[in-house]
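Working notes, structure below.
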Amino acid sequence: MDGLRIENVGVTYAGRGGAEVTALSQVDLGFARGEFVVAVGASGCGKTTLLSCIAGFMAPSEGHIFVNGRHVEGPGADRGVVFQKHALMPWLNVIDNVALGLRLRGMGRAERHEAAMKQVRAVGLERYATHPVYQLSGGQQQRVGIARALAANPAMLLMDEPFGALDSLTREQVQELVLQIWAREGKLCFFITHDVEEALFLATELIVMTPSPGRVSRRYQLDFGRQYIAGGSARAIKSQPEFIRLREEVIDAIHAGAAVH
Ligand SMILES: Nc1ncnc2c1ncn2[C@@H]1O[C@H](COP(=O)(O)OP(=O)(O)OP(=O)(O)O)[C@@H](O)[C@H]1O
-11 MDGLRIENVG VTYAGRGGAE VTALSQVDLG FARGEFVVAV GASGCGKTTL
39 LSCIAGFMAP SEGHIFVNGR HVEGPGADRG VVFQKHALMP WLNVIDNVAL
89 GLRLRGMGRA ERHEAAMKQV RAVGLERYAT HPVYQLSGGQ QQRVGIARAL
139 AANPAMLLMD EPFGALDSLT REQVQELVLQ IWAREGKLCF FITHDVEEAL
189 FLATELIVMT PSPGRVSRRY QLDFGRQYIA GGSARAIKSQ PEFIRLREEV
239 IDAIHAGAAV H
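Here is the structure:
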């Protein structure tokens, strides 16, 4: 099956003093290729654990994950990951950072520079291609992280709270950039955020998770991001009565889940 299939996934960590922590329980979800999936939920509800399983950084204790029909058994070039702490190499320039993964995979210099430059252009940083990344602003560095995740042309883009450290104006700009890249490249995105407004704006599929054990309590199909891609203004979309109503509903759902446990 195309897309992302999460089959009855459970994750149990061995906690301190032998106590076990059930970070995820019976998570069963399917998403078609090209969806923009966003996970929200209170701290500790298992969002990062789920992303780590999809990325192949860890194996679930129960269940299975498939990306475009392939069983996830470890990290792979079909999944690009963007972190909040972008883990760039500060002494390398923008293009060498973007090309790093391709270099580690043995791609030749000319070919990897061409592939990297394409992504540097896609995130609007061509003017900075030969600048060391420590000279860039936080928002620009996060764009380098996105370009690096895109460089190997993955089928999926996984993003863990990528804009959490950015000021609100920069954050809105990179939200719009990510939507444009998503719409242009047709990639399946899996995005984690604490910001409900960001979640509603980006998601075509929104999942609300609740903790102890981490589960999916609600799922919404949304089209605000598609309205933006169709030419709508981001501020106007976020001011729509339906957007505001959903924002309050999702915030309530997050608080209700957190309060129970
Ligand atoms: N390596 C680990 N060992 C033990 N427990 C862990 C480990 N990683 C996470 N946990 C626990 O698993 C649960 C889910 O953690 P996770 O980081 O996936 O949640 P989250 O929703 O991403 O949280 P946040 O929003 O704060 O980043 C939490 O109770 C956490 O304390």
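Just so you know, our numbering puts 2 at position 14 of the sequence shown, and the rest follows in order with no gaps. The beta-carbon is built from N, C-alpha and C at its ideal position, and this holds for glycine as well. Computed from a predicted structure; not experimentally measured.
Residue i, enclosing beta strand (DSSP E) - first and last residue
i      : result
Gly68  : 67 to 71
Gln128 : Counting along the chain, Gln128 falls outside any beta strand (DSSP E), though it belongs to the alpha helix (DSSP H) covering 126 to 138.
Ser13  : 8 to 19
Phe179 : 176 to 180
Ala153 : Ala153 -> no beta strand (DSSP E), and no H or E assigned at all.
Glu50  : 50 to 55
Member of the options whose CA lies at the smallest distance from the CA of residue i
i      : options                        : result
Val45  : Leu76, Gly68, Gly29, Phe19     : For the sequence presented, residue 45 should be read as Phe rather than Val. When each option's Cα is compared against that of Phe45, the closest is Gly68.
Val15  : Asn141, Gln161, Asn(-4), Gly22 : Asn(-4)
Ala110 : Ala98, Gly133, Val121, Met95   : Gly133
Gly57  : Gly94, Leu39, Met144           : Met144
Val25  : Ile225, Met197, Glu193         : Glu193
Gly22  : Leu234, Asp(-10), Val204       : Asp(-10)
Lys35  : Gly126, Phe54, Val55, Ser13    : Ser13
C-alpha gap between residue i and residue j, whole angstroms
i       : j      : result
Glu102  : Val82  : 13 Å
Gln107  : Gly245 : 39 Å
Glu186  : Ile217 : 15 Å
Leu176  : Arg91  : 25 Å
Leu154  : Phe19  : 29 Å
Glu236  : Val162 : 24 Å
Val(-1) : Pro48  : 5 Å
Ile195  : Val9   : 22 Å
Leu210  : Pro78  : 38 Å
Leu167  : Glu160 : 11 Å
Gly62   : Ala43  : 7 Å
Gly202  : Gly29  : 9 Å
Leu146  : Leu80  : 23 Å
Gln72   : Thr181 : 10 Å
Gly89   : Pro142 : 12 Å
Arg214  : Asn85  : 31 Å
Ala98   : Arg131 : 22 Å
Gly5    : Ser200 : 18 Å
His249  : Thr37  : Residue placement at His249 is flagged as unreliable, the pLDDT there being 48, under the threshold of 50; the coordinate-derived value follows with that caveat. Between His249 and Thr37, the C-alpha separation is close to 19 Å.
Ile239  : Ser227 : 16 Å
Ile225  : Gly94  : 44 Å
Arg207  : Leu188 : 12 Å
Ser205  : Met197 : 6 Å
Leu124  : Tyr116 : 8 Å
Leu165  : Ala7   : 43 Å
Boundaries of the alpha helix (DSSP H) in which residue i is found, first to last residue
i       : result
Leu157  : 156 to 173
Asn(-4) : Asn(-4) -> not in any alpha helix (DSSP H); beta strand (DSSP E) instead, spanning -8 to 2.
His101  : 97 to 110
Phe24   : Not the alpha helix (DSSP H): Phe24 falls in the beta strand (DSSP E), residues 24 to 29.
Glu193  : Here Glu193 belongs to no alpha helix (DSSP H); instead the beta strand (DSSP E) covers 193 to 198.
Arg91   : 82 to 92
Ala43   : 35 to 43
Glu186  : 184 to 190
Problem set entry | Complete alpha helix (DSSP H) runs within the region 204 to 231 (minimum length 4 residues, chain order) | For the region 204 to 231, whole alpha helix (DSSP H) runs of length 4 or above, ordered along the chain, are 212 to 217, 222 to 226.
Exercise. How would the residue list near ligand 1 read, in chain order, if you kept each one whose beta-carbon is closer than 5 Å to any heavy atom?
Worked result: Listed along the chain, these residues meet the criterion: Tyr1, Val9, Ala11, Ser31, Gly32, Cys33, Gly34, Lys35, Thr36, Thr37.
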